[in-house]
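> Could you have a look at this structure, given as structure tokens, before my questions?
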Amino acid sequence: MSRLRVGLVFGGPSVEHEVSVVSARGVSKALDRSRFEVVPLGVTGGGRWLSPEDSGRVLDSGAARVDGDAAAARVLVDPGSGGLVVHAEGGAPHRLALDVVFPVMHGWGGEDGRLQGLLDLALIPCVGPGVLGSAVGMDKQVAKALFEQAGIPVGPWRALHRGAWEADRAAHARRLVAELGTPLFVKPANGGSSVGISKVRAPEEIDAALALAFSLDRKVVIERGLDAREIECAVLGNDRPAVSVCGEIVPSREFYDYASKYQDGTSRLAIPAPLDPGVSDRIRALAAAAFRALDLSGMARVDFFLEKADGGVFLNEVNTLPGFTPISMYPKLWEASGLPYPDLLARLIDLARERFEDAGSRRTRRD
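Okay, so the sequence shown: first residue is 839 according to our numbering, each after it adds one.
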């Protein structure tokens, strides 16, 4: 049986670049080489694509970033071909045939529908949600609005655009504190890995928090701080998604920021989470409902807050391209649910090809 050629896209022009490289290294090592041929495709911070050979050297070297803008290849889309065209510096263009692409390019450009649209044009199956689900899942404001429309509980929140804030910073700061109180959290609307998130404990801290978030996005989301446990579920599937056991994050810092996720290594994951069965069932049902509300496919990690005082459950956010590092919650949740990491990766590839075949069955002519 011939092996499937899996394009592994990683790196990219977002602040989650380093996390993406670690995720790619984990996926590359875990893919079953008897079934899959891995074709690494690293993307530099400037958005240029390296050749598979140079990309493989990045993964093998242990480098933290994908560098080499000056010598990067040009990767072109040949619509409808089922492949990409690679034109390396000093070489002739050649077609790169791929059976499926597994993107682990977290954040802007890889998780927000842009990469998914490019692959759709090239007629290459892509692991994870498609253009729509990726785009709305990435934008916290749009996602929260859709969750509320679907009757899924979310905590009190507001959104703010950079232009409005710059027009009257003091007035917006006063309004947000008056409406949401403190503590509150300020986040870039499009982002992940807790980059750019601030906890505001007093009114005088909000302006600096907004300035940080606006340095990463033109739109921010502001949420009321809840005294709550952080519970997560992993969802896997297309039209009939399955939901993993629940896991709990016990952060080593005041909240689960970038350092406690990836740097100090002291945060703890409790899998399965110590929950009453009824609470666990409710959270898992809401995770499936959130997956459907955003019209997702393939995979998502769904994050919740469980209030300590009264047990209230609130959906925090959905991550459509969760981390695949060795310490990431998504693969650990499925491992605890009976699906080992290599089998999870194979299942995700199968789901991508199933969705692609289903989309290919659409009528394209009226007659």
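Here a beta-carbon is modelled for each residue, glycine too, at the ideal position from N, C-alpha and C. Nothing here was measured: the structure is a model prediction, and the numbers come from that model.
Please report the distance separating the alpha-carbon of Ser1036 from that of Phe1052.
If I take the Cα positions, the gap works out to 12 Å.
> According to DSSP, which residues form a beta bridge with Lys1025?
Val1059.
> Return the chain-ordered list of same chain residues with a C-beta closer than 6 Å to the C-beta of Leu1189, the five sequence neighbours on each side being excluded.
Cβ within range, chain order: Asn1076, Gly1136.
> Counting Cβ pairs closer than 8 Å, one from the region 969–984 and one from the region 1156–1174, do we hit at least three?
Contact between the region 969–984 and the region 1156–1174 is present, because at least three Cβ pairs lie under 8 Å.
> Report yes or no: do three or more beta-carbon pairs, one from the region 1145–1154 and one from the region 1007–1014, lie closer than 8 Å?
Touching, no.
> How is Ile1187 classed by DSSP in three states: helix, strand or coil?
Residue state, collapsed to three classes: helix.
> Exposed or buried, Arg1122, counting other C-beta atoms within 10 Å across all chains shown (16 or more means buried)?
Classification for Arg1122: buried.
> With Trp1003 as the anchor, note down where its alpha helix (DSSP H) starts and where it stops.
Counting along the chain, the alpha helix (DSSP H) containing Trp1003 begins and ends at 1000–1005.
> Under 8 Å between the Cβ atoms of Ala943 and Val1033?
First, the amino acid is wrong: residue 943 is Met here, not Ala. Taking 8 Å as the Cβ cut-off, Met943 and Val1033 do not qualify as a contacting pair.
> Short check: CB of Val938 to CB of Pro963, under 8 Å?
Yes, these two residues count as a Cβ contact at 8 Å.
> Grouping DSSP H, G and I as helix and E and B as strand, with all else coil, what is Arg903?
Residue state, collapsed to three classes: coil.
> Evaluate Gln954 with the Cβ neighbour count: other Cβ atoms within 10 Å of its Cβ, from every protein chain shown; 16 or more gives buried, anything less gives exposed.
Its Cβ being crowded by 16 or more others within 10 Å, Gln954 is buried.
> Quick one: Cα of Asp1065 to Cα of Phe848, how far?
Spanning the two alpha carbons is a distance of roughly 36 Å.
> Where does the unbroken alpha helix (DSSP H) through Ala935 begin, and where does it stop?
Looking at the DSSP string, Ala935 is not in any alpha helix (DSSP H); the run it does join, the beta strand (DSSP E), is 932–935.
> Distance check for Ala988 and Trp1172, CA to CA, integer angstroms please.
Approximately 26 Å, taken between the alpha carbons.
> Among Ala997, Val969, Gly900, which one has its Cα closest to the Cα of Arg863?
Out of Ala997, Val969, Gly900, Gly900 has the C-alpha closest to the C-alpha of Arg863.
> Is Gly885 buried or exposed, if buried means 16 or more other CB atoms sit within 10 Å of its CB?
Classification of Gly885: exposed, given that the 10 Å Cβ count is below 16.
> If you follow the beta strand (DSSP E) that Ser1036 is part of, which residue opens it and which one closes it?
That run of the beta strand (DSSP E) goes 1036–1038.
> Any idea if Arg912 is buried or exposed, counting beta-carbon neighbours within 10 angstroms, 16 or more meaning buried?
When all chains shown are included, Arg912 counts as exposed.
> Is the CB of Val1038 under 8 Å away from at least one CB in chain C?
Among the chains of the structure shown, chain C does not appear; only one protein chain is present.
> So, for His925: in the same chain, excluding its five sequence neighbours on each side, which residues have a beta-carbon less than 7 Å away from its beta-carbon?
Excluding sequence neighbours, His925 sits near Ala911, Arg912, Leu914, Pro931.
> Taking the straight line between their C-alpha atoms, what separation do you get for Ala1002 and Pro890?
So the alpha carbons of these two residues sit roughly 44 Å apart.
> If the criterion is Cβ atoms closer than 8 Å, does the pair Leu879 and Gly845 meet it?
Yes, they are a contact pair.
> Within its chain, find whatever has a CB closer than 7 Å to the CB of Glu986; leave out the 5 residues flanking it on each side and keep chain order.
The answer, listed in chain order, is Val992.
> Threshold first: 3 residues or longer. Then list the beta strand (DSSP E) segments lying entirely within the region 1124–1177, N to C.
You should have 1136–1145, 1151–1157.
> Roughly how many whole angstroms lie between the Cα atoms of Gly883 and Val1117?
In a straight line, the C-alpha of Gly883 is about 42 Å away from that of Val1117.
> If you run the structure through DSSP and keep just helix, strand and coil, what is Pro878?
In this structure, Pro878 counts as strand in the three-state DSSP scheme.
> From the DSSP output, in three-state form, read off Ala960 for me.
Note: Ala960 maps to helix in three-state DSSP.
> Leaving out five residues on either side along the sequence, give the residues of the same chain with a beta carbon under 7 Å from the beta carbon of Ala1184.
So the list reads Asp870, Arg873, once near-sequence residues are dropped.
> Nearest to Ser893 by alpha carbon, out of Gly920, Gly850, Arg933, Gly921?
Looking at the Cα atoms, Gly850 is the closest of the given residues.
> In terms of alpha-carbon separation, which member of Leu1134, Cys1084, Ala1027, Leu1107 lies closest to Pro1115?
With distances taken between Cα atoms, Pro1115 lies closest to Cys1084.
> Could you check if Lys1099 is buried or exposed, using at least 16 other CB atoms within 10 Å of its CB as the buried criterion?
For Lys1099, the pLDDT reaches just 48, beneath the cut-off of 50, and the residue's location in the model is therefore unreliable, leaving the point undetermined.
> Am I right that Arg843 and Glu875 are in contact with their C-beta atoms under 8 Å? What's the rounded C-beta distance?
Contact holds; Cβ gap of about 5 Å.
> Give the DSSP-derived three-state secondary structure of Gly971 in the structure shown.
In this structure, Gly971 counts as helix in the three-state DSSP scheme.
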